[in-house]
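Here's the structure, in structure tokens; my notes come after.
Residue numbers (this note's numbering): -18 to 113.
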């Protein structure tokens, strides 16, 4: 299951990388004397632009709208769970070997998220602290 998650994350990142590459290539090809100074804004992160269209695969319609892109990324990164043929029954009874519940405050969550090293991967998602 972990390898499947990693493969799907890699596939989603590859799709985004390809779409960005095509967008930036098109952006640089459209440069002329009148709009060349827009690159300065773009380089400094002050240029506001929409995200490029995402490909769904060969001979498929591109995801252009925000909701289409969200649906595509959600289905790629979080595919539907397989149904278990012999699903175990849910047991909610308290046991002696259960872990003790620890209260967590909003401040503790904030501290963990925003004090994480920005370029270290915190877990299996591979998302860095910069993402939060």
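Using N, Cα and C, we set each Cβ at its ideal position, and we do this for glycine too.
message = Quick check: residue 81 and residue 33, are their CB atoms within less than 8 Å of each other?
response = For this step, residue 81 is matched to residue 100 along the chain shown. For this step, residue 33 is matched to residue 52 along the chain shown. Going by C-beta atoms, residue 81 is not nearer than 8 Å to residue 33.
For residue 50, does the count of other Cβ atoms within 10 angstroms reach 16, so buried, or fall short, so exposed? Stepping through the chain shown from its first residue, residue 50 is reached at position 69. Residue 50 is buried by the Cβ-count criterion.
To the nearest angstrom, report how far apart residue 42 and residue 54 are at their CA atoms. Locating residue 42 in the chain shown gives position 61, where the first residue counts as 1. Locating residue 54 in the chain shown gives position 73, where the first residue counts as 1. Looking at the two C-alpha atoms, the distance is approximately 15 Å.
- Pairing CB atoms from the region -14 to 0 with CB atoms from the region 53 to 68, are three or more of them under 8 Å? yes
Check your understanding: Exposed or buried, which one is residue 65 when buried takes at least 16 other CB atoms within 10 Å?
Key -> Looking up residue 65 in the chain shown gives position 84. Per the 10 Å Cβ criterion, exposed.
Which same chain residues, not among the five before or five after residue 1, have their C-beta less than 7 Å away from its C-beta?
In the chain shown, residue 1 corresponds to position 20, counting from 1. Result list for residue 1: 33, in chain order.
- Task: Taking residue 92 as part of the alpha helix (DSSP H), name the residues at either end of that continuous run.
- Result: As a first step, residue 92 must be located in the chain shown, where it is residue number 111. Note, residue 92: alpha helix (DSSP H), 87 to 95.
- Ends of the alpha helix (DSSP H) at residue 59? Indexing the chain shown from 1 puts residue 59 at position 78. Looking at the DSSP string, residue 59 is not in any alpha helix (DSSP H), and its letter there is neither H nor E.
- Item | Residue range of the unbroken alpha helix (DSSP H) whose run includes residue 82 | Counting from one through the chain shown, the residue named residue 82 turns up at place 101. Residue 82 -> no alpha helix (DSSP H), and no H or E assigned at all.
Closest by C-alpha distance to residue -18, when choosing among 47, 11 and 62
In the chain shown, the residue the question calls residue -18 occupies position 1. The shortest C-alpha separation from residue -18 is found at 62.
* To do: Output the distance between the C-alpha atoms of residue 86 and residue 77, rounded to the nearest integer angstrom.
  => The residue given as residue 86 occupies position 105 in the chain shown. The residue given as residue 77 occupies position 96 in the chain shown. Near 26 Å, if we compare the C-alpha coordinates of residue 77 and residue 86.
Exercise. Would you kindly work out how many angstroms separate the C-alpha atoms of residue 45 and residue 15, rounded to a whole number?
Key: In the chain shown, residue 45 corresponds to position 64, counting from 1. In the chain shown, residue 15 corresponds to position 34, counting from 1. Approximately 28 Å, taken between the alpha carbons.
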